[in-house]
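Taking UniProt numbering, the leading residue of the sequence shown gets 1, the next gets one more, and so forth. Note that the Cβ used here is the ideal one computed from N, Cα and C, for glycine as well. See below for the structure under consideration.
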Amino acid sequence: MASSPSRARPPSTPKAQQLGDTIFADLAAQGHEIALHFHGDAYVPDADNQPAVAWVQALQEEMDLIETLSGAEVRTWSGGNTYPYAYEAVEAMGLEVNINYKKRFTQQSDERFTILTPWRPACGASVEERTTHDLDEAVIYIPSGVFPAHCQKLEAFPRPYCYEAFDYVTVALRSSLHAVTKGKVNAFYGTLHPGDFFGPGSDEEKLQIWDQWLTTVVDPLVADGRIRWATMSEIADAFMAWEE
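As structure tokens, this is what we get:
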């Protein structure tokens, strides 16, 4: 089971630098992976129609800042799903691991992504290309597991965070455990925004529900050896070791 990385994006990075906030270094020191998350148009105007070099120039600055603030190497990213030269751009930056495919405007994924075993996607922006395994490609895609493909942001804990929201991910986790392919690397992850624990309703209650879910659902599976925590990069490393 992946420990979904803390994904940095503006304005969090320049703000942290301005304030001298150590949150990125603190998270890295605790064993969390810091990844790059981006919405193309926030970095590059008319992003989908720009050459790869424009993306590299815009994203390299952000990635460098994340690495400076965290003291850790950035290997994983999400975003740029509709950009045809995304892989060309990120490979030039040294990024190796991709997660969290969803269509830009519908925020839906595709059932071909709702599996457990990583692969090396062919270059391009189409679902067909992204779900075609190409041994010669450098990037590794890590799928989120067996979630219902018709749902928006399928691997995300639904908001507001409540018992039903965590039950949704529990069902996906159980379904994924039944679909495990022995002898291969199998991955599962869910995503949430820490800020969404705060707002309407009881902040303390939402945090307690999360803690209860980890204690009653996840911890027993870890204790039984059925799942284990890993960063995205650790899963990618395990996949590369399996390839050999």
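Item                                                                                                                                                              : Value
Going by beta-carbon coordinates alone, are residue 189 and residue 139 separated by less than 7 Å?                                                               : no
If you follow the alpha helix (DSSP H) that residue 90 is in, where does it begin and where does it stop?                                                         : 86-93
Among 12, 76, 114 and 20, which residue has its Cα nearest to the Cα of residue 94?                                                                               : 76
When you compare only the Cα positions, how much space is there between residue 179 and residue 173?                                                              : 10 Å
Do you know how far the Cα of residue 57 is from the Cα of residue 217?                                                                                           : 43 Å
At what residue ranges does the stretch 25-110 contain a whole run of the alpha helix (DSSP H), taking only runs of 4 or more?                                    : 40-43, 52-70 and 86-93
Indicate the three-state DSSP secondary structure (helix, strand or coil) for residue 115 in the structure shown.                                                 : coil
Using C-beta distances below 7 Å, list every residue in its chain close to residue 186, excluding the 5 sequence neighbours before and after it, in chain order.  : 116, 117 and 180
Select from 232, 236 and 241 the residue whose C-alpha is nearest the C-alpha of residue 33.                                                                      : 232
Take the Cβ of residue 155 as the centre, count every other Cβ of all protein chains shown within 10 Å, and call the residue buried at 16 or more, exposed below. : buried
Taking 7 Å as the threshold (C-beta atoms), are residue 124 and residue 158 in contact?                                                                           : no
Which residues in the same chain have their Cβ closer than 6 Å to the Cβ of residue 25, if we skip the five residues on either side of it in sequence?            : 70 and 71
Can you tell me whether residue 191 is helix, strand or coil according to DSSP?                                                                                   : strand
Considering only their Cβ atoms, is the gap separating residue 136 from residue 122 smaller than 7 Å?                                                             : no
Flag this pair as touching only if the stretch 38-54 and the stretch 13-27 have three or more C-beta atom pairs under 8 Å; answer yes or no.                      : no
Can you tell me which of 65, 153 and 207 puts its alpha carbon nearest to the alpha carbon of residue 17?                                                         : 65
To the nearest angstrom, how far is the alpha carbon of residue 163 from that of residue 92?                                                                      : 43 Å
Report the partner residues of residue 208 according to the DSSP bridge assignment.                                                                               : DSSP output for residue 208 lists no bridge partner at all.
Taking Cβ to Cβ, would you say residue 82 is nearer than 7 Å to residue 46?                                                                                       : no
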